[in-house]
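The block underneath contains the structure these notes are about, expressed in structure tokens.
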Amino acid sequence: MALLNFRKREDRPALTLTPQVEAFLQGYSIEVMPRTAAKVDNFRDLLPSGTRVYIAHIDGTPIEEMVETAARLTDEGFDVMPHFPARIIKDRATLENWINRYQTEAGVKQALLLAGGVTQTAGEFHSSMQLLETGLFDKAGFDRLHVAGHPEGNKDIDPDGGDATVMEALRWKQKFSERTDAKMALATQFCFEAKPIIAWADRLRSEGIDLPIHIGIAGPAKLQTLIKFAVACGVGPSLRVLQKRAMDVTKLLLPYEPTDVIAELAAHKAAHPDFNIEHVHFFPLGGIKTNAGWAIENGGASAVPAIQQGI
């Protein structure tokens, strides 16, 4: 028997839709893996038509499973953006093969390029910049390329806890964006607190980095699950939001939901229309259906599933 039982959704107070949150959630994206996508019978029951769905490529996942998942999501009417983790790609020939397979078998023309979370590289690549420098994505006509952003730093890249290397990489990516025809954006690690996100986004703009930001937000999940993922992924200062919540037994009994951080970011965006966060990117750590359900409850017209849209 569980030590603590989570209250049922129907026991919680009804949520109130706000125009600011509805607008902020317009065009949100979500991340899946082949094994989590396989648990969903039909994404059209959960997501708005045309939602961008990232497919995370975990080391060891066969490319066949990735492409099969991409093809399925394309067929269901979604914009598919698979991960290309540099450190698990053996060589240029492998990269070119993956690009070709995604295009010919799944109609993919978008990609998220990142270093990848493994410490040992499989071959000649160790950064997203090297993948971009191959020119293979431009050659293949990919029309959208996203790269990683780290609002709270990344200790794998800057072990001293600073952000000098991360910022240098962002400046390089900014310059690359100015010489490619592909639309580029920063897809970030998930965070739990709005103020550090706002400060980071404003800092990028002040330093001449104007790539649109797709801010990573953790979807609803048990607190224990979120803390585990946050520690594993190196989430920084905003981890204190979860730690504070863990000390409040009244909140410990409820699953975490991103209502507060989304509401604060949405209000800031409404007050500052030129704020460079363009979209929300959800990490469904508590499950795809749970995350989509939260968006439907909070997002109004921005989150109506495709099946209800009649598209």
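In terms of this note's numbering, the sequence shown is residues 1 to 311. All residues carry an ideal CB built from backbone N, CA and C; glycine is no exception.
| said: On the criterion of 16 or more Cβ atoms from any shown chain inside 10 Å, does Leu17 qualify as buried, or is it exposed? | reply: Reading the sequence shown from its first residue, position 17 is the one you call residue 17. Leu17 comes out exposed.
| Which of helix, strand or coil DSSP assigns to Thr165 | Here residue 165 is taken as the residue at index 165 of the sequence shown, counted from 1. Judged by DSSP in its simplified three-state form, Thr165 adopts helix.
| task | Report the residue from Pro273, Ile288, Trp294, His272 whose alpha carbon sits nearest the alpha carbon of Asp260. | result | Indexing the sequence shown from 1 puts residue 260 at position 260. When only C-alpha atoms are compared, the closest one is Trp294.
| Based on the DSSP output, what are the partners of Ser29 in its beta bridges? | Your numbering for residue 29 matches position 29 in the sequence shown. Answer by DSSP bridge pairing, in chain order: His281.
| task | Verify whether the separation of the beta carbon atoms of Met129 and Gln110 is less than 8 Å. | result | Reading the sequence shown from its first residue, position 129 is the one you call residue 129. Reading the sequence shown from its first residue, position 110 is the one you call residue 110. Cβ distance not < 8 Å, so Met129 and Gln110 don't count as in contact.
| First through last residue of the beta strand (DSSP E) which encompasses Leu145 | In the sequence shown, the residue the question calls residue 145 occupies position 145. That run of the beta strand (DSSP E) goes 144–149.
| Is it the case that the Cβ atoms of Ala194 and Leu285 are separated by a distance below 8 Å? | Counted from its first residue, the sequence shown places residue 194 at position 194. Counted from its first residue, the sequence shown places residue 285 at position 285. Against a cut-off of 8 Å, the Cβ pair of Leu285 and Ala194 comes out as no contact.
| said: I'd like to check one pair, Ser127 with Ala86: are the Cβ atoms closer than 8 Å? | reply: Against the sequence shown, residue 86 aligns to sequence position 86. Against the sequence shown, residue 127 aligns to sequence position 127. Taking 8 Å as the Cβ cut-off, Ala86 and Ser127 qualify as a contacting pair.
| Of all the CB atoms in chain C, is at least one closer than 8 Å to the CB of Lys222? | In the structure shown, chain C cannot be found, because there is only a single protein chain.
| Is Thr119 buried or exposed, if buried means 16 or more other CB atoms sit within 10 Å of its CB? | Position 119 of the sequence shown holds residue 119. That one is exposed.
| Rounded C-alpha distance that separates Thr51 from Gly27 | Against the sequence shown, residue 51 aligns to sequence position 51. Against the sequence shown, residue 27 aligns to sequence position 27. The straight-line gap from Cα to Cα measures roughly 7 Å.
| Extent of the continuous alpha helix (DSSP H) run through Val19 | In the sequence shown, residue 19 corresponds to position 19, counting from 1. Checking the sequence, you will find Pro at residue 19 rather than Val. Pro19: member of the alpha helix (DSSP H) spanning 19–24, first to last residue.
| task | Evaluate Asn291 with the Cβ neighbour count: other Cβ atoms within 10 Å of its Cβ, from every protein chain shown; 16 or more gives buried, anything less gives exposed. | result | Within the sequence shown, numbered from 1, the residue matching residue 291 stands at position 291. Around the Cβ of Asn291, a 10 Å sphere holds 16 or more other Cβ atoms; the residue is buried.
| query | Looking at the structure shown, is Asp138 part of a helix, part of a strand, or coil, going by DSSP? | reply | Within the sequence shown, numbered from 1, the residue matching residue 138 stands at position 138. The three-state secondary structure of Asp138, taken from DSSP, is helix.
| request: Taking Pro82 as part of the beta strand (DSSP E), name the residues at either end of that continuous run. | output: Against the sequence shown, residue 82 aligns to sequence position 82. Element bounds for Pro82: 79–85.
| task | Please check the pair Leu132 and Leu113, which I expect to be a contact at CB under 8 Å, by giving their CB distance rounded to whole angstroms. | result | Here the question's residue 132 lines up with position 132 in the sequence shown. Here the question's residue 113 lines up with position 113 in the sequence shown. So it is a contact: roughly 6 Å between Cβ atoms.
| query | Taking C-beta to C-beta, are Ser29 and His214 nearer than 8 Å? | reply | On the sequence shown, position 29 is the one that residue 29 refers to. On the sequence shown, position 214 is the one that residue 214 refers to. Closer than 8 Å, so yes.
| query | beta strand (DSSP E) containing Lys183: first to last residue? | reply | Residue 183 sits at position 183 when you count from the first residue of the sequence shown. It spans 183–191 - the beta strand (DSSP E) in which Lys183 sits, taken as one unbroken run.
| Closest Cα partner of Thr180 within the set Val280, Gly116, Asp138 | For the purposes of this step, residue 180 is taken as residue 180 along the sequence shown, with counting starting at 1. Minimum Cα distance to Thr180 is reached at Asp138.
| Taking buried to mean at least 16 other C-beta atoms within 10 Å of its own C-beta, is Arg44 buried or exposed? | Within the sequence shown, residue 44 is the residue found at index 44, counting from 1. Under this definition Arg44 is a buried residue.
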